Structures are given as structure tokens and as C-alpha cells.
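Written out below as C-alpha cells is the structure these notes cover.
In C-alpha cells:
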């Protein structure tokens with residue numbers, strides 16, 4: 006009788022160990038899957054550290070059978086996962102607020118060096134003219150992300166880029182003067198469009214609304230923008246949230262050469 010009880014006890018212990026091993030395995034797998042998912046979405050390395058600590062605590066709970074801590078971990082895990090997902094959704098909304106997308110090669114795309122050189126010389130000549138007369142201007146050149154959201158807000162043109170047209174668009178006190186021009190390939194797609202100004206705190210107080218708008222579009226897309234100051238006539242460019250100020254004609258030509266894409 007005693008031996009039977011011992012055998013039953015041993016079987017129960019083995020069953021408990023197997024059950025514990027299964028629970029630990031499932032718990033570890035779930036934590037790894039959640040950590041991998043959240044890290045993929047947020048790209049935060051501290052997520053991995055938090056997950057490891059959470060995993061260690063979970064193993065301790067299972068081994069010591071701490072029911073109160075078990076429920077506490079469940080609540081904490083739920084809160085952490087929910088917060089991470091909320092942050093992820095917020096970042097995704099921020100990244101997609103301008104709905105930029107890869108540009109499909111249009112019929113008017115620059116397809117050779119000759120077309121690129123012609124566009125560059127046209128832009129340099131127009132910018133030099135505007136600069137010499139202190140006529141404010143924003144000229145944005147679309148790269149790999151389309152700017153349809155902004156094109157639709159402006160006055161659609163779909164016209165060839167010429168010095169005369171740019172001079173006319175930015176002539177002071179006209180309807181399109183204060184807005185921006187967007188160039189796709191060798192065509193002016195629109196004029197008179199407006200960008201959301203950058204709210205970066207380190208922007209110089211010397212820079213006005215045009216420069217802030219130009220920095221803003223460079224933060225929202227990979228577009229390259231040329232800005233002419235209405236106050237000083239100085240030429241600047243923006244790309245990737247950074248502004249380069251007081252460019253000469255030759256520096257502008259070099260910058261355009263580096264950033265205008267042949268498709």
C-alpha cells in the first residue's frame with residue numbers, strides 16, 4: 006500500500022514537472038514572439054531588454070508558483086504591449102501624413118544627361134535672376150517620393166520648365182508668388198502650393214516662412230528644394246531636414262547636379 010502511494014506520488018511529481026516544462030515553453034515562446042513583433046515595428050533595442058526581464062520574472066513565477074505576482078505580470082505585460090502598439094500606430098500615422106510614395110517613371114522623366122543639363126542651367130539662370138532682384142521663391146524638385154498631395158493643393162500647370170515661366174510665377178504681388186513650384190522630371194507640375202513649415206527649435210531666427218516651409222517639405226519627403234530670400238536675395242537649398250545657406254551660382258549648379266535624378 007505504501008509503495009503504491011509512493012509510486013502515485015512520483016507519477017504526480019513527474020506530471021507536474023512535465024506540466025511546468027510545457028507552461029514555461031509556451032510562456033517563453035509567447036514572450037519571444039511578442040518581443041520580435043514589437044521590435045520589428047518600433048526598432049527599439051530596449052524592447053528586447055524589457056522582454057528578457059519579463060521572461061526571467063515569468064520563469065520565477067512559474068517555478069515558485071507565486072499566484073499574486075503571476076496576475077501582476079499579466080497586467081503589466083498587457084499594459085506594456087498596449088503602449089508599444091499605440092506608439093507604433095502613432096509613428097506610422099506620422100510617417101504617412103503626407104502619403105508620399107515611390108515615383109513611377111512619367112513620360113516627362115529625365116532620361117539622359119542632356120535633358121538634365123538643360124534643366125540645371127534653366128534653374129540656375131532663373132534662380133540667379135530672382136536672387137539679383139530679391140524676389141522670393143521656393144522651387145521643389147521631386148525625387149523618389151511623389152508629391153501628389155501637394156501638387157493637388159496647388160495650381161496645376163504641367164508645363165515645360167523655362168526661365169520666363171519661373172520669372173512670371175514668382176513675380177511679386179501675383180497670385181502664385183508666395184507659394185512653391187514643384188518640378189517632376191522636366192515639367193512644372195504645379196505652382197502656388199504650400200508646405201507645412203518645420204517646427205524645429207534650432208532654426209535660425211533670420212529665416213522666414215519660406216525657409217521654414219522648404220525645411221518642412223524636406224522633412225516630409227526626399228525632395229530637393231531651392232529657396233530665394235525676399236529680404237536678402239540669398240540662395241539656400243534644403244534636403245533631409247537640413248538647410249544649406251548662401252550658395253553661389255556655381256555651388257547651386259553643383260548641388261543640382263548631385264540631386265537631380267535621371268530615371
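Numbering (our numbering), first residue to last: 6 to 268.
Beta carbons are placed, not taken as given, at the ideal position from N, Cα and C, and that holds for glycine.
Being a predicted model, the structure only gives us computed values, none of them experimental.
- In the DSSP annotation of this structure, the continuous segment of the alpha helix (DSSP H) that includes residue 137 starts and ends at 118 to 137.
- Under the criterion of beta carbons closer than 8 Å, residue 148 and residue 229 qualify as touching, at roughly 6 Å.
- When DSSP states are grouped into helix, strand and coil, residue 167 belongs to the coil group.
- Note that the segment 191 to 208 does not touch the segment 233 to 242; fewer than 3 beta-carbon pairs, one per stretch, sit closer than 8 Å.
- Residues of the same chain with a CB within less than 7 Å of the CB of residue 222, apart from the 5 flanking positions on each side, are 145, 200, 228 and 230 in chain order.
- The three-state secondary structure of residue 248, taken from DSSP, is strand.
- The way I'd put it, the segment 153 to 163 doesn't touch the segment 246 to 256; fewer than three beta-carbon pairs between them come closer than 8 Å.
- In the three-state reduction of the DSSP assignment, residue 221 falls in the helix class.
- By a beta-carbon distance limit of 8 Å, residue 156 does not contact residue 193. Their separation comes to about 10 Å.
- If you look at residue 230, you'll find it in the beta strand (DSSP E) that goes 229 to 233.
- Residue 265 carries a coil assignment under DSSP once its states are collapsed to helix, strand and coil.
- According to DSSP, residue pairing for residue 192 in a beta bridge involves 165 and 189.
- Beyond the five residues adjoining it in sequence on each side, residue 264 comes within less than 6 Å, by CB distance, of 229 in the same chain, given in chain order.
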